[in-house]
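Asks: Numbering (this note's numbering), first residue to last: 406 to 634.
We treat Cβ as the ideally placed atom computed from N, Cα and C, and that holds for glycine.
Take a look at this one; I'll ask things after.
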Amino acid sequence: MLYFHGGGYVLGSIDSHRDMCERFSRSAKARVLALDYSLAPERPFPAAVYDATTAYHWLIDQGILPSSIAIAGDSAGGGLAFATLVAARDAGDPMPACGVTISPWVDLEATGDSMQSKSAEDPMVQRSMIQHMGQTYVPNGDLKNPLAAPLHASLEGLPPLLIQVGSRETLLDDAVRMGKKAEDDGVDVTLDVWDGQVHVFQIFASRLDEGELAIKQLGAFVRKHMQQE
């Protein structure tokens, strides 16, 4: 599993997500390569996408079959996972077995209705913060660039996708809209909305039963699609 951590493209690291990645590894029965990709403002878009696609190519160059690779990420890392899949498809690269995103951030402009309707319920992510991070990630460019904001990308030809999101998230509509877009583009997509859960609730799996269960379901999804190849 090639994994991209969250943090709005400006913070986070492989250390901040180490426990969650260990849980993913055990659940999916797969090794995890967690990538310390470039962060803004020092290295804004498209540096992270370049790092992510380079890591995917490196795995293939090591002799790992694409059908034995899952590309995954949470929050901004979920957006980066989508961008990596789109970039790989556009380059003619073979698709991995599947893609997995947790609370993906795919709209840098924060236009989803849930940004307002869920703002009182979400203790972590608010519109002003998201908009600031988006401007930091793409300081002088197009906030609708499909590799920066995959909500605006065609998803045709992508592998099976799992999207997990909490019902209390301001980013709920990012996940719902991405699931609808994937379905409309002919992708085999599973959208899992977890009632009462917050942004990237899986990171609390050591204390939250729902987080542990979500990781178990994520692992089962990865194993299923790797075995089918």
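Check each candidate in M520, M538, G539, S421 and name the one with the smallest Cα separation from Q367.
Replies: With the chain covering only 406 through 634, there is no way to say anything about residue 367.
Asks: In whole angstroms, what separates the C-alpha of S572 from that of H604?
Replies: Numbered from its first residue, the sequence shown carries residue 572 at position 167. Numbered from its first residue, the sequence shown carries residue 604 at position 199. About 9 Å.
Asks: Shortest alpha-carbon distance to A475 belongs to which of P499, S522, D589, A453?
Replies: Taking the sequence shown and counting its residues from 1, the one referred to as residue 475 is at position 70. Comparing Cα positions, the closest option is P499.
Asks: Which full runs of the beta strand (DSSP E) of 3+ residues lie inside the stretch 556-588, going along the chain?
Replies: As far as the stretch 556-588 is concerned, its whole beta strand (DSSP E) runs of at least 3 residues are 566-571.
Asks: Need the endpoints of the alpha helix (DSSP H) that Y542 sits in, please.
Replies: Locating residue 542 in the sequence shown gives position 137, counting from the first residue. Residues 532-542.
Asks: S533 to Q540, Cα distance in whole Å?
Replies: For the purposes of this step, residue 533 is taken as the residue at position 128 of the sequence shown. For the purposes of this step, residue 540 is taken as the residue at position 135 of the sequence shown. If you take the alpha carbons of S533 and Q540, they lie about 11 Å apart.
Asks: Whose CA, out of R423, D547, G482, M538, lies closest to the CA of I568?
Replies: Residue 568 sits at position 163 when you count from the first residue of the sequence shown. Selected option, being the one with the closest Cα: G482.
Asks: If we ignore side chains and look at the alpha-carbon of each, how far apart do G366 and I535 end up?
Replies: A question about residue 366 goes unanswered here, because the residues of the chain that appear run from 406 up to 634.
Asks: At the level of alpha carbons, what is the spacing between A439 and T459?
Replies: For the purposes of this step, residue 439 is taken as residue 34 along the sequence shown, with counting starting at 1. For the purposes of this step, residue 459 is taken as residue 54 along the sequence shown, with counting starting at 1. Between A439 and T459, the C-alpha separation is close to 13 Å.
Asks: Between the alpha carbons of D420 and L464, how many angstroms are there, rounded?
Replies: On the sequence shown, position 15 is the one that residue 420 refers to. On the sequence shown, position 59 is the one that residue 464 refers to. Those two C-alpha atoms are separated by around 21 Å.
Asks: Compute the Euclidean distance between the alpha carbons of D527 and F626, then round it to the nearest angstrom.
Replies: Residue 527 sits at position 122 when you count from the first residue of the sequence shown. Residue 626 sits at position 221 when you count from the first residue of the sequence shown. If I take the Cα positions, the gap works out to 27 Å.
Asks: Can you give the Cα-Cα distance for F606 and G616, rounded to whole angstroms?
Replies: Taking the first residue of the sequence shown as 1, we reach residue 606 at position 201. Taking the first residue of the sequence shown as 1, we reach residue 616 at position 211. Rounded to whole angstroms, F606 to G616 spans 6 Å at the Cα level.
Asks: Using DSSP with H/G/I as helix, E/B as strand and the rest coil, what is W510?
Replies: One-based indexing of the sequence shown puts residue 510 at position 105. Coil at W510, not helix or strand.
Asks: Please go through the same chain and pick out, in chain order, the residues whose beta-carbon is closer than 7 Å to the beta-carbon of V505, but skip the five residues on each side of it.
Replies: In the sequence shown, the residue the question calls residue 505 occupies position 100. The answer, listed in chain order, is A475, A477, L567, L623, F626, V627.
Asks: Assuming the contact rule is C-beta atoms closer than 8 Å, L548 and L513 should be a hit. Round their C-beta distance to whole Å, please.
Replies: Sequence index remark: in the sequence shown, residue 548 carries index 143 (1-based). Sequence index remark: in the sequence shown, residue 513 carries index 108 (1-based). That pair is a contact at about 4 Å.
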